[in-house]
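Chemist: Once you've had a glance at the structure underneath, I'll fire off some questions.
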Amino acid sequence: MMAAMEPRAARSPAVATPLDQPGWPRPAEVREWAAGPAWLLAKRQAGLARFQELGWPTLEHEDWRFTNLAPLAEQPWPPAPAPTEAVLPAERLADFALAQLPGDRLVFVDGHFSRRLSRVRPQPHSVRVSSLAQALAEAPAWSERWLGREGALVNALTALNEAYFTDGLVVSVPKGRAIEEPVQLLHLSTGGQARRASHLRNLIVTEADTRLTVVENYVSLGAAATLTNTVTTVVGGANSVVEHLRFQDESAHAFHLGAVEAELGRGASFVSHSFALGARLSRQNLRVILGGEGLEAVLNGLYLTGGERLADHHMIVDHAAPRCVSHEYFNGILAGRSKGVFHGRILVRPGAQKTDAKQTNKNMLLSDEATANTKPQLEIYADDVKCTHGATIGQLQPEAVFYLRARGLPRETARRMLIHAFAGEIIERIRSTAMREELDRVVWDRLEQDEQVHVGP
Amino acid sequence: MQPILKIQNLHAGVDGKAILRGVDLTLQPGEVHAVMGPNGSGKSTLAAVLAGREGYDVTDGQAHYLGQDLLALEPEDRAKAGVFLAFQYPVEIPGVNSTYFLKAALNEQRKHRGEAVLDAIEFLQFVREKIRLLDLNEDLLKRPVNVGFSGGEKKRNEIFQMAVLEPRLAVLDETDSGLDIDALRIVAHGVNQLKRPDRAQLVITHYQRLLDYIVPDYVHVLCGGRIVKSGGKELALELEEKGYDWILGCNTCAGCESVAA
Ligand SMILES: Nc1ncnc2c1ncn2[C@@H]1O[C@H](COP(=O)(O)OP(=O)(O)O)[C@@H](O)[C@H]1O
Ligand SMILES: [Mg+2]
Numbered sequence: 018m019m020a021a022m023e024p025r026a027a028r029s030p031a032v033a034t035p036l037d038q039p040g041w042p043r044p045a046e047v048r049e050w051a052a053g054p055a056w057l058l059a060k061r062q063a064g065l066a067r068f069q070e071l072g073w074p075t076l077e078h079e080d081w082r083f084t085n086l087a088p089l090a091e092q093p094w095p096p097a098p099a100p101t102e103a104v105l106p107a108e109r110l111a112d113f114a115l116a117q118l119p120g121d122r123l124v125f126v127d128g129h130f131s132r133r134l135s136r137v138r139p140q141p142h143s144v145r146v147s148s149l150a151q152a153l154a155e156a157p158a159w160s161e162r163w164l165g166r167e168g169a170l171v172n173a174l175t176a177l178n179e180a181y182f183t184d185g186l187v188v189s190v191p192k193g194r195a196i197e198e199p200v201q202l203l204h205l206s207t208g209g210q211a212r213r214a215s216h217l218r219n220l221i222v223t224e225a226d227t228r229l230t231v232v233e234n235y236v237s238l239g240a241a242a243t244l245t246n247t248v249t250t251v252v253g254g255a256n257s258v259v260e261h262l263r264f265q266d267e268s269a270h271a272f273h274l275g276a277v278e279a280e281l282g283r284g285a286s287f288v289s290h291s292f293a294l295g296a297r298l299s300r301q302n303l304r305v306i307l308g309g310e311g312l313e314a315v316l317n318g319l320y321l322t323g324g325e326r327l328a329d330h331h332m333i334v335d336h337a338a339p340r341c342v343s344h345e346y347f348n349g350i351l352a353g354r355s356k357g358v359f360h361g362r363i364l365v366r367p368g369a370q371k372t373d374a375k376q377t378n379k380n381m382l383l384s385d386e387a388t389a390n391t392k393p394q395l396e397i398y399a400d401d402v403k404c405t406h407g408a409t410i411g412q413l414q415p416e417a418v419f420y421l422r423a424r425g426l427p428r429e430t431a432r433r434m435l436i437h438a439f440a441g442e443i444i445e446r447i448r449s450t451a452m453r454e455e456l457d458r459v460v461w462d463r464l465e466q467d468e469q470v471h472v473g474p
Numbered sequence: 016m017q018p019i020l021k022i023q024n025l026h027a028g029v030d031g032k033a034i035l036r037g038v039d040l041t042l043q044p045g046e047v048h049a050v051m052g053p054n055g056s057g058k059s060t061l062a063a064v065l066a067g068r069e070g071y072d073v074t075d076g077q078a079h080y081l082g083q084d085l086l087a088l089e090p091e092d093r094a095k096a097g098v099f100l101a102f103q104y105p106v107e108i109p110g111v112n113s114t115y116f117l118k119a120a121l122n123e124q125r126k127h128r129g130e131a132v133l134d135a136i137e138f139l140q141f142v143r144e145k146i147r148l149l150d151l152n153e154d155l156l157k158r159p160v161n162v163g164f165s166g167g168e169k170k171r172n173e174i175f176q177m178a179v180l181e182p183r184l185a186v187l188d189e190t191d192s193g194l195d196i197d198a199l200r201i202v203a204h205g206v207n208q209l210k211r212p213d214r215a216q217l218v219i220t221h222y223q224r225l226l227d228y229i230v231p232d233y234v235h236v237l238c239g240g241r242i243v244k245s246g247g248k249e250l251a252l253e254l255e256e257k258g259y260d261w262i263l264g265c266n267t268c269a270g271c272e273s274v275a276a
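And the structure:
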């Protein structure tokens with residue numbers, strides 16, 4: 018290959034033009050996609066071409082300096098096939114976190130919707146809660162309108178998703194309506210075949226004066242190397258109140274890439290939570306466009322890693338209208354040799370006066386070998402704004418551990434209490450009580466199981 | 016009769032620096048002992064070594080609590096056995112609710128004694144009365160441990176915890192510092208209420224003032240890491256009158272120098 022002669026390509030020959038590897042299917046070769054709407058096939062083809070053009074991100078890329086996708090770039094990742102048999106009995110779903118939440122739950126297995134495992138009830142007032150495939154069939158014009166747009170996050174990974182997405186969650190809430198119970202997406206990665214990818218494309222569209230709570234829940238059934246690559250678009254209309262929680266607890270061999278792009282209108286209130294507990298490598302890209310006056314966005318996240326894991330959050334908070342408030346709170350708890358990465362970009366566009374943007378990233382290292390990389394990036398093109406950011410990297414306070422032990426609490430309990438308190442700063446911002454209590458339980462259980470919590474001061 | 020605490024020839028330091036240089040002290044059941052001394056004389060180090068704080072190395076000597084080797088125990092095991100330290104600087108613990116913390120601590124100790132653990136309601140009943148004893152607001156129980164407490168509240172909170180945990184041996188490290196006279200009375204009253212024939216209290220203080228309210232059976236003066244004089248409660252008054260340099264004469268520790276200056 019000619020490319021291999023060039024020094025840059027020689028370092029990572031698979032990266033520059035990934036499709037040169039055999040094993041990536043072309044969308045037109047997939048029977049179902051070839052038979053589908055022409056606009057969608059064209060979009061998939063464009064996505065694949067863009068992925069080829071951009072290539073896998075490398076460490077040289079400014080946005081990827083600390084997160085190395087080279088292990089992903091080694092081989093092709095064709096989409097996982099739909100499972101041919103039942104992967105698990107429906108009762109087993111009760112074992113997963115957030116399973117007890119009321120409301121509709123759409124279950125996807127390796128990117129494919131499972132009607133058998135899902136609970137979807139008819140919705141009144143033209144509210145839609147369905148799979149994307151069903152939305153494409155039942156509401157083609159609506160689907161084309163929202164899927165056909167250029168996204169707010171355009172990069173190699175979203176391009177890859179565009180080429181290969183199999184299905185996803187669709188929620189649409191018309192003006193003035195609300196869905197009271199949380200709508201949940203549960204994605205199970207079976208790893209039935211190693212090195213297969215699941216691409217979900219989720220669309221959450223709420224019109225003016227609506228209320229909605231959505232959960233995305235990603236877990237693994239096996240321990241195989243899998244790739245999950247999702248794109249979620251949230252469109253929050255004027256005065257909408259949207260709470261979005263993303264819970265990622267995939268296996269220690271999984272790669273997890275998740276993009277969330279949210280566009281919010283005047284007076285909206287958007288709260289996004291990202292909990293990254295699993296995966297060998299996870300990257301959460303989030304771009305929030307504060308596009309209408311006087312809206313509020315709270316971006317809240319917790320990453321809890323151990324072993325050799327890496328959890329990366331890459332945020333873009335885009336203030337495009339005046340008098341908006343954005344608050345980012347991200348806490349990381351890093352054990353073993355794990356890595357936490359946080360990049361928080363705040364962009365205040367000309368005219369976005371009276372912006373109030375705040376960003377906090379706190380990292381607690383539980384071992385000497387754990388590392389945290391945190392980088393704020395402020396770009397401010399308006400003069401009457403309030404922007405603050407702060408980042409810390411520290412350890413458990415030995416004085417606090419001693420204080421608790423001096424009252425009779427065993428060392429492990431003392432450490433767990435303090436770590437849990439640190440996680441609690443994030444958990445307590447979850448507005449839905451049932452969700453908050455569940456996340457609190459999940460995190461506490463994890464701390465209790467995790468041996469790595471027991472080492473250190 | 017078995018002493019509650021018997022310290023013999025205790026030497027301890029930090030990072031190779033000798034701080035305690037041969038302390039001997041015996042507390043019999045029912046007794047209250049005061050340890051006084053200038054700043055830097057090693058009072059907090061003594062308290063830290065008794066409570067088991069990490070970073071302090073015992074290089075010689077022993078401490079026995081009810082006949083067992085206290086220094087061999089982990090801090091939590093000392094607490095469970097009935098040793099309590101009221102901190103000179105209580106630590107703020109954001110995110111850990113006071114009720115949750117104290118209930119967990121009490122239940123650890125109850126489990127250790129083979130008693131039934133208290134549930135949330137029983138615990139609240141149990142502590143309600145004690146919190147009034149220290150004239151603290153019940154709201155405090157809903158707040159994170161020591162977070163946003165005033166200096167006085169922190170000190171009263173220490174004694175409140177002591178009232179809840181009912182230790183056999185209480186070590187109070189400058190619980191009086193930073194308290195106004197009303198708060199001092201309240202704290203002293205709380206401490207006195209916890210006096211029992213089978214318990215002992217070691218009250219560390221820089222000033223004599225506290226000892227007007229907590230009347231000690233014995234007063235010891237610590238200087239340069241040694242007890243240089245012991246006596247009855249009148250020793251405290253004498254110290255107050257004449258200052259530390261009158262008694263010490265060692266003039267080797269930073270404390271003596273600063274007092275002399
Ligand atoms: N953790 C420590 N590290 C270093 N020096 C210490 C430490 N603790 C105490 N010291 C030193 O030991 C001496 C006695 O301190 P301390 O026990 O706090 O005295 P007091 O409580 O009587 O004021 C002081 O010189 C102090 O600086
Ligand atoms: Mg002191």
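Those sequence lines, one after another, are chains A and B.
If you count the first sequence from 1, position 358 lands on 375 in our numbering, and the numbers rise without skipping.
If you count the second sequence from 1, position 59 lands on 74 in our numbering, and the numbers rise without skipping.
Note that CB positions come from ideal geometry on N, CA and C, so glycine has one too.
At which residues does the beta strand (DSSP E) containing K356 of chain A begin and terminate?
Modeler: K356 to V365
Chemist: Quick one: residues in its chain with C-beta nearer than 6 Å to the C-beta of V287 of chain B, no 5 flanking neighbours on either side, listed in chain order?
Modeler: Shown here, chain B extends from 16 to 276; a query on residue 287 of chain B therefore has no answer.
Chemist: In the region 351-426 of chain A, which residue ranges form an unbroken beta strand (DSSP E) of at least 3 residues, counting only runs that do not cross its ends?
Modeler: 356-365, 373-382, 388-397 and 403-411
Chemist: Which two residues bound the contiguous alpha helix (DSSP H) that contains M177 of chain B?
Modeler: Its alpha helix (DSSP H) spans residues G166 to L180.
Chemist: Taking buried to mean at least 16 other C-beta atoms within 10 Å of its own C-beta, is N24 of chain B buried or exposed?
Modeler: exposed
Chemist: If you run the structure through DSSP and keep just helix, strand and coil, what is S286 of chain A?
Modeler: strand
Chemist: Go to A119 of chain B, then tell me how far its alpha helix (DSSP H) extends in each direction, as first and last residue.
Modeler: S113 to H127
Chemist: Using the DSSP secondary-structure output, state which residues sit across from D75 of chain B in a beta bridge.
Modeler: B:H26.
Chemist: In three-state terms, what does DSSP make of Y259 of chain B?
Modeler: helix
Chemist: Under 5 Å, CB to any heavy atom of ligand 1. Which residues pass, going along the chain?
Modeler: B:V29, B:I34, B:N54, B:G55, B:S56, B:G57, B:K58, B:S59 and B:T60
Chemist: Less than 7 Å separating the Cβ of E189 of chain B from some heavy atom of ligand 2?
Modeler: yes
Chemist: Taking 6 Å as the limit between beta carbons, can you name the residues of its chain near V111 of chain B, skipping five residues before and five after?
Modeler: Hits under 6 Å: P159 and V160.
Chemist: Would you mind telling me which residues of chain A sit closer than 9 Å to R214 of chain B, beta carbon to beta carbon, in chain order?
Modeler: Residues of chain A passing the Cβ test: none, with the nearest at roughly 17 Å.
Chemist: With respect to the alpha helix (DSSP H) encompassing D462 of chain A, which residues constitute its N-terminal and C-terminal limits?
Modeler: T450 to Q466
Chemist: Are there 16 or more other CB atoms within 10 angstroms of the CB of V29 of chain B, so buried, or fewer, so exposed?
Modeler: Label assigned to V29 of chain B: exposed.
Chemist: For ligand 2, I want to know if Q77 of chain B counts as a neighbour, meaning its beta carbon is within less than 7 Å of at least one of the ligand's heavy atoms.
Modeler: no
Chemist: Taking the alpha helix (DSSP H) that E155 of chain A belongs to, which residues open and close that run?
Modeler: L149 to E155
Chemist: Answer with buried or exposed for W56 of chain A, where buried requires no fewer than 16 other C-beta atoms within 10 angstroms of its C-beta.
Modeler: W56 of chain A comes out exposed.
Chemist: When Cβ atoms are compared, which residues of the region 434-459 of chain A fall closer than 8 Å to chain B?
Modeler: Of all residues in the region 434-459 of chain A, M434, L435, H437, A438, F439, G441 and E442 have a Cβ within less than 8 Å of some Cβ in chain B.
Chemist: For G167 of chain B, which residues from the same chain have a beta carbon less than 8 Å from its beta carbon, with the 5 sequence-adjacent residues on both sides left out?
Modeler: The answer, listed in chain order, is G193, L194, D195 and A198.
Chemist: Taking 6 Å as the limit between beta carbons, can you name the residues of its chain near Q103 of chain B, skipping five residues before and five after?
Modeler: If you ignore the 5 residues before and after Q103 of chain B, its C-beta comes within less than 6 Å of the C-beta of S59, D188 and E189, all in its own chain and listed in chain order.
Chemist: To the nearest angstrom, report how far apart T450 of chain A and K248 of chain B are at their CA atoms.
Modeler: 57 Å
Chemist: Comparing the C-beta of L426 of chain A with each C-beta of chain B, is any distance below 8 Å?
Modeler: yes
Chemist: On the CB-based measure, 16 or more other CB atoms within 10 Å of its CB, does Y235 of chain A come out buried or exposed?
Modeler: buried
Chemist: Applying a beta-carbon distance threshold of less than 7 Å, which residues of chain A neighbour L100 of chain B?
Modeler: A423
Chemist: Could you give the distance in angstroms between the alpha-carbon of E173 of chain B and the alpha-carbon of L149 of chain A?
Modeler: So the two alpha carbons sit approximately 59 Å from each other.
Chemist: Nearest by alpha-carbon distance to F439 of chain A: which of A:L186, A:M381, A:G425 and A:L426 is it?
Modeler: A:M381
Chemist: So, Y346 of chain A versus N317 of chain A, is the Cβ gap smaller than 8 Å?
Modeler: In this structure, the beta-carbon distance from Y346 of chain A to N317 of chain A falls below 8 Å.
Chemist: For K21 of chain B, write down the residues that DSSP places opposite it in a beta bridge.
Modeler: B:T41 and B:H79
Chemist: Please name the residue or residues paired with S215 of chain A in a DSSP beta bridge.
Modeler: A:T245
Chemist: Inspect the beta-carbon positions of V231 of chain A and V200 of chain A and report whether they are closer than 8 Å.
Modeler: yes
Chemist: Considering K244 of chain B, what are the terminal residues of the alpha helix (DSSP H) in which it resides?
Modeler: First-last for K244 of chain B: R241 to G246, but that is the beta strand (DSSP E), not the alpha helix (DSSP H).
Chemist: Which two residues bound the contiguous beta strand (DSSP E) that contains N207 of chain B?
Modeler: Segment I196 to Q208 is the alpha helix (DSSP H) holding N207 of chain B; no beta strand (DSSP E) there.
Chemist: Closer than 7 Å: is that where the CB of Q103 of chain B sits relative to any heavy atom of ligand 4?
Modeler: Here the bound small molecules are ligand 1 and ligand 2; ligand 4 is not part of this structure.
Chemist: List the whole-angstrom C-beta distance separating P182 of chain B from G258 of chain B, where the pair is believed to meet the contact cut-off of C-beta under 8 Å.
Modeler: Between P182 of chain B and G258 of chain B, the beta carbon gap of about 33 Å keeps them out of contact (Cβ cut-off 8 Å).
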